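Colleague: Dropping the structure in here first, questions after.
What follows is the structure in structure tokens.
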């Protein structure tokens, strides 16, 4: 890929990243961290790509380990974030009681 | 499927991640935001199987995915609310480890064909990924209390850490010049070591900030591996997490009133604590549930200060029962929520929300602090560091400078504690010995249940 295009993508993504979380109440710090944590689990895509073109057993073994770790990160991350956020809803239920 | 289609789907996944972070920043849209993120990640993964079909080693890949699912999903589903922070730390660590492994495999695969830029990005990913991995494991062990939660400082520590850092940089240069497997292995080992040394001196109360920082680190490694693997999606996703994680780390540090620098390097400069004085037996005033109930019955305003002990005892429903009972007696009740009470920012909000505590009863620190002067009773349930006056009065103690809930201004203070053990940061709390303080020992839930029944019978 063209180096300039990559730099542009990088710089723009930095600003978007700054912008989207600049105003967030401390209540949501934990779920937000957890959600962002799940998003970087998308390294799973990278792990599958390297597993696909692994040539030696060593390469394959390492990339399979990467797939296991990345899957734990991604899937576990989204599930645990959802569980945290589940606690926030249900205020209406409480009012009905 | 052609490349354009594949790239477009990747772009769509990137947009999903932006929307996910945006959604997670607001209480109303948070849950949907998380689901959008999950959708983006799933689509990005599935499309690979179609675009590269048939994948080499498909059976192995599917097997590894299944193993990851079998480990990750139950862990995330079954974890107790109290253990959530360490699980997030662990997930972050394995993500960093995965990024480092991906970089290593790609490096082995490219061999001598690698361009200098690719090697540099590989080195970056390996270094930061390994630091994130071993550092997160240490934070996990601290939070799980598998090791001491106090800052671990040893003589000459800062020279060891500086020397390790220098060695990491040297090995990085070696990898770029030599392009061999051995230098890369050395680099990985040194980076793992540096990650451990980097987190060891961090004190218990500052651990959440470090988790957030390591989270941002992992994001950057994902972005760097995106460059090596020629994947725009990884660059976008990784950079987003890196940038938002950095901001989030700063927001958290601000909420705790600490500079990021002080958090990370404060332990090096902090003097060892005066432990001798803490060893003495000093008198404390302990009371019975009936004493507490009487005190509450004649109060006009009560502030409840929850901490980690409430989470451990799973007493959130009982505390709500107590609050409702007091309100029915015409007592003005508020919860004073310290932003970092518990083990993570927002921990208490999550916990009390589970017990359906009305949102308007939760008061943030800045709101509640000026009102302690008019408060008759402050009930501190399983919290310690966040109400410890040492943060204001004793320079040099690890939590000095952290804003606290000024419960000492209330007319009476009740501590519900398991024992006289100091809090997570390991610092003695003078307030426990104050004459206006009453201690009720025992499990928070059991104690609260007794107080509730005593109050009912009054």
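Residue numbers (our numbering), protein chains in the order written: chain A, 1170 to 1266; chain B, 20 to 477. Ideal placement from N, C-alpha and C gives every residue a C-beta, glycine not left out. None of these values were measured; they are calculated from a predicted model.
#1: When you compare each of B:218, B:132, B:40 to residue 229 of chain B by their alpha carbons, which one comes out closest?
#2: Would you please state the rounded distance, in angstroms, between the beta carbons of residue 326 of chain B and residue 459 of chain B? I believe it to be under 8 Å.
#3: So if DSSP puts residue 325 of chain B in a beta bridge, which residue, or which two residues, is it bridged to?
#4: If the cut is a Cβ gap below 8 Å, which residues of chain A does residue 261 of chain B touch?
#5: Please name the residue, chosen from B:28, B:472, B:244, B:378, that lies closest to residue 1212 of chain A on a Cα-to-Cα basis.
#6: With distances taken from CA atoms, which of B:205, B:262, B:467 is nearest residue 503 of chain B?
#7: Would you list the residues sitting across from residue 432 of chain B in a DSSP beta bridge?
#8: So, is residue 27 of chain B buried or exposed, given that buried needs 16 or more other C-beta atoms within 10 angstroms?
#9: Is there at least one Cβ from chain B nearer than 7 Å to residue 1221 of chain A's Cβ?
#10: List, in order along the chain, the chain B residues whose C-beta lies closer than 9 Å to that of residue 1171 of chain A?
#11: Is there a Cβ of chain B sitting closer than 7 Å to that of residue 1203 of chain A, yes or no?
#12: My guess is that residue 1215 of chain A and residue 53 of chain B are in contact by the Cβ rule of under 8 Å, so how many angstroms apart are they, rounded?
#13: Looking only at its chain, what residues have a beta carbon closer than 7 Å to the beta carbon of residue 58 of chain B, apart from the 5 residues adjacent to it on each side?
#14: What three-state label does DSSP hand residue 320 of chain B in the structure shown?
#15: Taking only beta carbons into account, state which residues of the stretch 1234–1246 of chain A come closer than 7 Å to chain B, listed in chain order.
#16: If you drop the 5 nearest sequence neighbours on each side, which residues of the same chain put their C-beta closer than 7 Å to that of residue 462 of chain B?
#17: Quick one: what does DSSP say residue 354 of chain B is sitting in, helix, strand or coil?
#18: Within 10 Å of its beta-carbon, does residue 425 of chain B have 16 or more other beta-carbons around it, so buried, or fewer, so exposed?
#19: Does the separation of the CB atoms of residue 231 of chain B and residue 1202 of chain A fall below 7 Å?
#20: Taking the beta strand (DSSP E) that residue 185 of chain B belongs to, which residues open and close that run?
#21: Quick check on DSSP: helix, strand or coil for residue 1233 of chain A?
#22: Write down the C-beta distance between residue 270 of chain B and residue 1198 of chain A rounded to the nearest angstrom, noting that I regard them as a contact closer than 8 Å.
#23: Pick out whichever of B:112, B:40, B:316 has its Cα sitting closest to the Cα of residue 156 of chain B.
#24: Whose C-beta lies closer than 8 Å to the C-beta of residue 350 of chain B among residues of the same chain, with five residues either side of it excluded?
#25: Using a Cβ-Cβ cut-off of 8 Å (strictly less than) and excluding sequence neighbours within five positions of residue 298 of chain B, which residues of its own chain qualify?
#26: So that I know if they touch, is there some Cβ in chain A lying closer than 7 Å to that of residue 36 of chain B?
#27: Taking the DSSP output, what are the residues bridged to residue 382 of chain B?
#28: When you compare the CB of residue 1250 of chain A with every CB in chain B, is at least one pair closer than 7 Å?
#29: How is residue 1194 of chain A classed by DSSP in three states: helix, strand or coil?
#30: Who are the neighbours of residue 1177 of chain A on chain B, taking C-beta pairs under 9 Å?
#31: Out of curiosity, what's the CA-to-CA distance linking residue 435 of chain B and residue 47 of chain B?
#32: Is it a yes or a no for the stretch 181–189 of chain B touching the stretch 235–250 of chain B, going by three-plus beta-carbon pairs under 8 Å?
#33: Are there 16 or more other CB atoms within 10 angstroms of the CB of residue 89 of chain B, so buried, or fewer, so exposed?
#34: Can you give me the Cβ contacts of residue 240 of chain B inside the same chain, cut-off strictly under 8 Å, excluding the 5 residues immediately before and after it?
#35: At the level of alpha carbons, what is the spacing between residue 212 of chain B and residue 105 of chain B?
#36: Among B:237, B:399, B:373, which residue has its Cα nearest to the Cα of residue 253 of chain B?
Modeller: To lay it out plainly:
#1: B:218
#2: About 14 Å separates the two Cβ atoms, so there is no contact after all.
#3: B:400
#4: Chain A residues near residue 261 of chain B: 1183, 1186.
#5: When B:28, B:472, B:244, B:378 are compared, the shortest CA-CA separation from residue 1212 of chain A is found for B:244.
#6: Given that chain B is displayed from residue 20 to residue 477, the structure contains no residue 503 of chain B and the question cannot be resolved.
#7: B:397, B:456
#8: exposed
#9: yes
#10: In chain order: nothing, as chain B lies at least about 11 Å away.
#11: Closer than 7 Å: yes.
#12: About 22 Å; that fails the 8 Å criterion.
#13: Answer for residue 58 of chain B: 35, listed in chain order.
#14: strand
#15: 1234, 1235, 1236, 1237, 1238, 1239, 1240, 1241, 1242, 1243, 1244, 1245, 1246
#16: So the list reads 332, 437, once near-sequence residues are dropped.
#17: strand
#18: buried
#19: yes
#20: It is not in any beta strand (DSSP E) - residue 185 of chain B instead sits in the alpha helix (DSSP H) that spans 176–197.
#21: helix
#22: About 7 Å separates the two Cβ atoms, so the contact holds.
#23: Nearest C-alpha to residue 156 of chain B: B:112.
#24: 315, 318, 319, 320, 321
#25: The predicted position of residue 298 of chain B is uncertain, since its pLDDT is 45 and thus under 50; a value taken from the coordinates is nonetheless stated next. So no residue of the chain qualifies.
#26: yes
#27: When beta bridges are read from the DSSP output, residue 382 of chain B appears opposite B:355.
#28: yes
#29: coil
#30: Under the 9 Å cutoff, chain B gives no residues; its nearest Cβ is about 10 Å from residue 1177 of chain A.
#31: 34 Å
#32: When C-beta atoms of the stretch 181–189 of chain B are compared with those of the stretch 235–250 of chain B, fewer than three pairs fall below 8 Å, so the two segments do not count as touching.
#33: exposed
#34: 115, 118, 119, 122, 143, 144, 147, 148, 151, 257
#35: 20 Å
#36: B:237
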